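Numbering (this note's numbering), first residue to last: 23 to 192. Beta carbons are placed, not taken as given, at the ideal position from N, Cα and C, and that holds for glycine. Since the structure is predicted, the reported quantities are computational estimates derived from the model, not experimental observations. Read through the structure below, which is laid out as structure tokens, and then see the notes.
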Ligand SMILES: CC(C)(COP(=O)(O)OP(=O)(O)OC[C@H]1O[C@@H](n2cnc3c(N)ncnc32)[C@H](O)[C@@H]1OP(=O)(O)O)[C@@H](O)C(=O)NCCC(=O)NCCS
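Next up, the structure:
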């Protein structure tokens, strides 16, 4: 189901039919390096992750992570962007990931701007945060370009590294 459109992208809810794409995305080198190895290695595990993650989030909060489809390539799935409510963080956070060949082409910025707009206008959120590894300079640049500012260091996940928390008031 389409939730928004930008110049180059269609932003839609992820479904179980996107399991192949999700499996590819979560195993790209930068996902593994900067987000982590989710141990999703089979189509079945990808379907399970979509069911327990994306679909559950849409149902519980009305929002979640969306697929980004590139209009000029026959609506090919090229990445994800969306909103997530984590138990360990007070505010909803924004996240994004592109397939390697679509990084650095402005798609993250284009999609995130629309997602931030939806966060305010559709989901009535007044503050959005984002967490990133301090070494993820591409993510930090994108967050700053979107108008988020560094707020503090956090450790939202047990046994994990310290992350930087960025925030924006909508
Ligand atoms: C982080 C990520 C989503 C950025 O999305 P993107 O579509 O590549 O970002 P954009 O092209 O919109 O770039 C936004 C800004 O970030 C910087 N940037 C992003 N990717 C870059 C790259 N590959 N090389 C150089 N600069 C880059 C630039 O400053 C750019 O601004 P500019 O276009 O005015 O120069 C993407 O690099 C990615 O998928 N990384 C792997 C997954 C990940 O780390 N997700 C974030 C977890 S916190």
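Output the distance between the C-alpha atoms of residue i and residue j, rounded to the nearest integer angstrom.
i	j	result
residue 52	residue 164	15 Å
residue 133	residue 98	15 Å
residue 42	residue 130	21 Å
residue 32	residue 85	16 Å
residue 118	residue 153	11 Å
Could you name the residues that DSSP lists as bridge partners for residue i?
i	result
residue 175	186
residue 99	91
residue 86	Note: residue 86 sits in no beta bridge, so no partner.
residue 120	101
residue 150	190
residue 24	34
residue 195	As shown, the chain starts at 23 and ends at 192. That puts residue 195 outside it, with no answer to give.
Give the range of the beta strand (DSSP E) segment to which residue i is assigned.
i	result
residue 163	It is not in any beta strand (DSSP E) - residue 163 instead sits in the alpha helix (DSSP H) that spans 159-167.
residue 31	31-35
Start and end of the alpha helix (DSSP H) containing residue i?
i	result
residue 69	65-71
residue 136	129-143
If I'm right that residue i touches residue j with Cβ under 8 Å, what's the distance once you round it to whole angstroms?
i	j	result
residue 44	residue 26	That belief does not hold up - the Cβ atoms of residue 44 and residue 26 are roughly 20 Å apart, past 8 Å.
Open item on the list: Under 8 Å, with one C-beta from each stretch per pair, do the segment 105-121 and the segment 134-143 reach the 3-pair mark?
Closed with: yes
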